[in-house]
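S.K.: The structure's right below; bear with me while I get my questions together.
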Amino acid sequence: MPGGDIVCGCARPLRQGKEQVCRASFPFCCRTWRTVVVMAEEEALRKQADMVRRLKQEKASPEEIAEQVAKLLEMKAKMCPEEGKHKFVLKTPKGTRDYSPKQMAIRERVFSIIIDCFKRHGAETIDTPVFELKETLTGKYGEDSKLIYDLKDQGGELLSLRYDLTVPFARYLAMNKITNIKRYHIAKVYRRDNPAMTRGRYREFYQCDFDIAGQYDPMIPDAECLKIVHEILSALQIGEFCIKVNDRRILDGMFAACGVPDSKFRTACSSVDKLDKMTWEDVKSEMVGEKGLSPEVADHIGEYVRLNGGLSLIEQLLQDPKLLQNKLAREGLEEMKLLFEYLTLFGILDKVSFDLSLARGLDYYTGVICEAVLLQQQSNQTEESVGVGSIAGGGRYDGLVGMFDPKGRKVPCVGISIGIERIFSIVEQKVEASEEKIRTTGTQVLVASAQKKLLEERLKLVSELWDSGIKAEVLYKKNPKLLNQLQYCEETGIPLVTILGEQELKDGVVKLRDVATREEVDICRGNLVEEIKRRTCLP
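Just so you know, the working numbering puts 515 at position 461 of the sequence shown, and the rest follows in order with no gaps.
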């Protein structure tokens with residue numbers, strides 16, 4: 055009708071917003087309506103794509119770009135549900151990686167060395183949940199707290215992925231009223247950091263922690279922790295290293311002596327902690343420009359934090375009138391001297407350096423702190439070695455357990471954490487450079503046959519070996535060629551092959567072949583298990 059609505063004949067209900075309306079109320083036919091909707095969706099998609107391009111051009115933060123890219127992919131999937139359903143972005147999340155069998159074999163070798171050391175020192179192991187209540191983790195990591203992964207509210211609890219293994223350990227001690235324990239814990243932790251995967255820096259990674267909790271005489275547990283770091287790094291043979299040590303009490307006393315206000319101790323500490331990555335001039339600029347310290351105070355700090363050495367430096371600082379006026383600094387220096395005496399008894403003093411630039415930014419440290427770094431020789435032999443990365447760290451945290459205890463009861467703790475991902479990267483590079491062949495299985499013997507129709511006999515024999523605790527394999531073919539079976543052993547590094555044949559079955563023997571030397575010997579079937587164990591050094 056002139057001046058009236060053009061009514062669609064189907065008049066089916068259409069959902070618009072939260073209300074159902076009839077298409078008949080719109081001046082479009084169904085086909086026209088669908089066209090309008092598609093055009094609107096395409097326009098929204100185009101605008102979203104333009105936004106992503108603009109953010110990339112403006113070099114926006116990776117998190118913001120990722121969020122908008124995810125929104126773009128979601129819009130595409132809604133427009134083409136069938137197409138989107140089968141298209142995946144085949145990549146691991148940023149800051150994570152997959153590990154091949156070869157890489158896992160290297161990891162297991164490294165883990166074995168570390169765990170053996172922890173057990174040698176009398177540690178027992180525990181495990182804690184991968185996420186904690188958010189309030190458990192809040193306020194324990196200083197400026198690094200912004201790197202904690204928060205989870206959405208599920209079931210009425212605010213949760214966060216664990217940032218390290220130390221805070222969950224302290225919570226565990228307080229919750230179970232444990233006052234003495236020597237424990238190790240190897241597990242994954244999570245940090246919303248900017249990853250540098252070529253240098254072993256990830257968002258999901260393993261930590262290997264060793265901690266001693268309990269009231270003991272000063273510096274004995276601390277010295278043992280440093281001894282453990284020395285043993286592990288020596289056993290891994292990844293290069294020359296240095297273990298830097300300092301004390302939070304010395305740092306706080308130094309800051310006080312230099313005129314830093316109490317309220318800025320922690321923030322000044324976080325700046326000093328960057329001296330391994332930044333020059334003193336850059337650190338000073340941050341202290342003055344961002345942290346609000348005066349240039350004179352920063353210069354005083356610079357006089358101290360560029361000092362490093364051994365017992366002679368400790369003796370020198372024990373004569374410093376500024377530091378001696380501060381009770382904390384005096385206590386820290388006296389106990390540092392005691393620590394070096396114990397390290398001398400342990401025979402590791404040549405690898406330890408008292409370094410006043412070492413700060414470690416975590417808020418919970420209260421006493422001795424340490425960090426192990428790899429050293430790289432300069433091409434000019436007259437120059438000193440320089441550090442190329444931290445591979446272990448830790449310290450004393452006497453107040454952390456008390457933060458969780460309802461009555462505030464303190465449990466003194468000291469511990470170290472091995473930077474396992476960094477070590478994995480170094481070991482992998484060394485293996486690649488040496489072209490060392492890495493075995494990815496522990497198989498000791500392959501059960502093979504020399505003729506056809508012996509599958510049943512192979513399965514019976516491999517079952518006997520499994521039941522006797524021997525790691526054995528059999529190829530999944532009814533009639534495999536003997537040459538193929540022998541080649542499989544050479545490719546995978548299996549050292550022994552048992553060969554069954556009709557004559558061997560009649561004689562009640564099995565032919566045992568050494569893959570490396572190709573020597574063969576007939577072994578009585580009843581003595582086979584004992585002979586394999588003897589050759590593979592099994593108990």
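From the three backbone atoms N, C-alpha and C, an ideal C-beta is built for every residue, glycine too.
(1) Measure how close the beta-carbons of Val551 and Leu519 come, nearest whole angstrom, since I'm counting them as under 8 Å.
(2) Of all the options Cys578, Ile548 and Pro549, which has the alpha carbon lying nearest to the alpha carbon of Lys560?
(3) Determine, using beta carbons only, whether Ile180 and Leu191 come nearer to each other than 8 Å.
(4) Is the beta carbon of Lys148 closer than 8 Å to that of Pro249?
(5) Compute the Euclidean distance between the alpha carbons of Lys491 and Gly210, then round it to the nearest angstrom.
(6) Span of the alpha helix (DSSP H) holding Arg230?
(7) With a threshold of 8 Å on Cβ separation, who are the neighbours of Leu99 within its own chain once the five nearest residues in sequence on each side are excluded?
(8) Note down, in chain order, each residue of its chain lying with its Cβ closer than 6 Å to the Cβ of Val575, except the 5 sequence neighbours on either side.
(9) Confirm the yes/no value for this check: CB of His239, any heavy atom of the ligand PLP, distance under 7 Å.
(10) From Thr420 to Ile586, what does the alpha carbon distance come to, in whole angstroms?
(11) What runs of the alpha helix (DSSP H), each 4 residues or longer, lie entirely inside the region 90 to 146?
(12) DSSP state of Ser348, grouped into three classes?
(13) How would you write the range of the beta strand (DSSP E) that Leu500 sits in, first residue to last?
(14) When DSSP builds the beta bridges, which residues end up paired with Tyr260?
(15) Cys296 bridges to which residues according to DSSP?
(16) Taking the runs of the beta strand (DSSP E) that are 3 residues or longer, which of them lie wholly in the region 141 to 221?
(17) Going by beta-carbon coordinates alone, are Ala413 and Cys323 separated by less than 8 Å?
(18) Confirm, please, whether the CB-CB distance from Phe295 to Leu429 is below 8 Å.
(19) At what residues does the alpha helix (DSSP H) containing Ser407 begin and finish?
(20) Identify every residue that forms a DSSP beta bridge with Ser444.
(21) Using a threshold of 8 Å, state whether the C-beta atoms of Leu205 and Phe185 are closer than that.
(22) Check this for me: beta carbons of Ile47 and Val314, under 8 Å apart or not?
(23) Cα separation between Glu425 and Gly196?
(24) Go to Glu489, then tell me how far its alpha helix (DSSP H) extends in each direction, as first and last residue.
(25) Can you find at least 3 beta carbon pairs, one from the region 300 to 312 and one from the region 478 to 486, that sit closer than 8 Å?
(26) Going by DSSP in three states, Ser517 sits in which element: helix, strand or coil?
(27) So, is Met93 buried or exposed, given that buried needs 16 or more other C-beta atoms within 10 angstroms?
(28) Measure the CB-CB distance between Ala383 and Gly307 and report whether it falls below 8 Å.
(29) Check whether the region 220 to 237 touches the region 454 to 467, counting contact only when three or more Cβ pairs, one atom from each stretch, lie closer than 8 Å.
(30) State buried or exposed for Thr333, treating a residue as buried only when at least 16 other CB atoms are found within 10 Å of its CB.
(31) For Thr233, report the span of its beta strand (DSSP E) as first-last.
M.R.: A quick look at the data gives this:
(1) Within the sequence shown, the letter at position 497 stands for residue 551. Within the sequence shown, the letter at position 465 stands for residue 519. About 12 Å separates the two Cβ atoms, so there is no contact after all.
(2) As a working note, residue 560 is residue 506 in the sequence shown. Residue Cys578 holds the alpha-carbon nearest to the alpha-carbon of Lys560 among Cys578, Ile548 and Pro549.
(3) Translated into positions along the sequence shown, residue 180 becomes position 126. Translated into positions along the sequence shown, residue 191 becomes position 137. Taking 8 Å as the Cβ cut-off, Ile180 and Leu191 do not qualify as a contacting pair.
(4) As a working note, residue 249 is residue 195 in the sequence shown. As a working note, residue 148 is residue 94 in the sequence shown. Result yes, Cβ atoms of Pro249 and Lys148 sit closer than 8 Å.
(5) Translated into the one-based positions of the sequence shown, residue 491 becomes position 437. Translated into the one-based positions of the sequence shown, residue 210 becomes position 156. Taking the straight line from one Cα to the other gives about 51 Å.
(6) Numbered from 1 along the sequence shown, position 176 holds the residue referred to as residue 230. Checking the sequence shown, residue 230 turns out to be Asn, not Arg. For Asn230, the uninterrupted alpha helix (DSSP H) run begins and ends at Thr220 to Asn230, by DSSP.
(7) For this step, residue 99 is matched to residue 45 along the sequence shown. If we look at Leu99 and ignore the five residues flanking it on each side, its Cβ neighbours are Leu126, Met129, Lys130 and Met133.
(8) What you label residue 575 is simply residue 521 of the sequence shown in a count that begins at 1. Once the five neighbours on either side are set aside, the close Cβ partners of Val575 are Leu566.
(9) Absence of the ligand PLP is noted for the structure shown, with no ligands found whatsoever.
(10) Against the sequence shown, residue 420 aligns to sequence position 366. Against the sequence shown, residue 586 aligns to sequence position 532. For Thr420 and Ile586, the distance between alpha carbons rounds to 55 Å.
(11) Counting only runs of at least 4 residues, the region 90 to 146 fully encloses the following alpha helix (DSSP H) elements, listed from N- to C-terminal order: 116 to 133 and 135 to 139.
(12) The residue labelled residue 348 in the question sits at position 294 within the sequence shown. Correct three-state label for Ser348: coil.
(13) Position 446 of the sequence shown, counted from the first residue, corresponds to residue 500. That run of the beta strand (DSSP E) goes Val499 to Ser503.
(14) For the purposes of this step, residue 260 is taken as residue 206 along the sequence shown, with counting starting at 1. Paired residue(s): Lys242.
(15) For the purposes of this step, residue 296 is taken as residue 242 along the sequence shown, with counting starting at 1. Cys296 is bridged to Val427.
(16) Runs found: 185 to 187 and 213 to 215.
(17) Position 359 of the sequence shown, counted from the first residue, corresponds to residue 413. Position 269 of the sequence shown, counted from the first residue, corresponds to residue 323. In contact: Ala413 and Cys323 (Cβ atoms closer than 8 Å).
(18) In the sequence shown, the residue the question calls residue 429 occupies position 375. In the sequence shown, the residue the question calls residue 295 occupies position 241. Pairing Leu429 with Phe295 gives a Cβ-Cβ distance under 8 Å.
(19) Here residue 407 refers to the residue found at position 353 when the sequence shown is read from its first residue. In this chain, Ser407 is not harboured by any alpha helix (DSSP H); it is covered by the beta strand (DSSP E) spanning Val406 to Asp409.
(20) Here the question's residue 444 lines up with position 390 in the sequence shown. As computed with DSSP, Ser444 is found in a beta bridge with Val427.
(21) Taking the sequence shown and counting its residues from 1, one reaches residue 205 at position 151. Taking the sequence shown and counting its residues from 1, one reaches residue 185 at position 131. With respect to the 8 Å criterion, Leu205 and Phe185 are classified as neighbours on the basis of their beta carbons.
(22) Because the chain here runs from 55 to 593, residue 47 falls outside it and cannot be looked at.
(23) By one-based count along the sequence shown, residue 425 stands at place 371. By one-based count along the sequence shown, residue 196 stands at place 142. Between Glu425 and Gly196, the C-alpha separation is close to 18 Å.
(24) One-based indexing of the sequence shown puts residue 489 at position 435. That residue, Glu489, is in no alpha helix (DSSP H); it is neither H nor E in DSSP.
(25) They do not touch, by the three-pair rule.
(26) For the purposes of this step, residue 517 is taken as the residue at position 463 of the sequence shown. Looking at Ser517 - three-state DSSP - the assignment turns out to be helix.
(27) Position 39 of the sequence shown, counted from the start, is the residue given in the question as residue 93. Answer is exposed; the Cβ neighbour count stays below 16.
(28) For the purposes of this step, residue 383 is taken as residue 329 along the sequence shown, with counting starting at 1. For the purposes of this step, residue 307 is taken as residue 253 along the sequence shown, with counting starting at 1. Cβ atoms of Ala383 and Gly307: closer than 8 Å.
(29) In short, these stretches touch, since the Cβ pair count reaches three.
(30) What you label residue 333 is simply residue 279 of the sequence shown in a count that begins at 1. With fewer than 16 neighbouring CB atoms inside 10 Å of its own CB, Thr333 falls in the exposed class.
(31) On the sequence shown, residue 233 is found 179 positions in, with the first residue counted as 1. From DSSP, Thr233 is part of no beta strand (DSSP E); its letter is neither H nor E.
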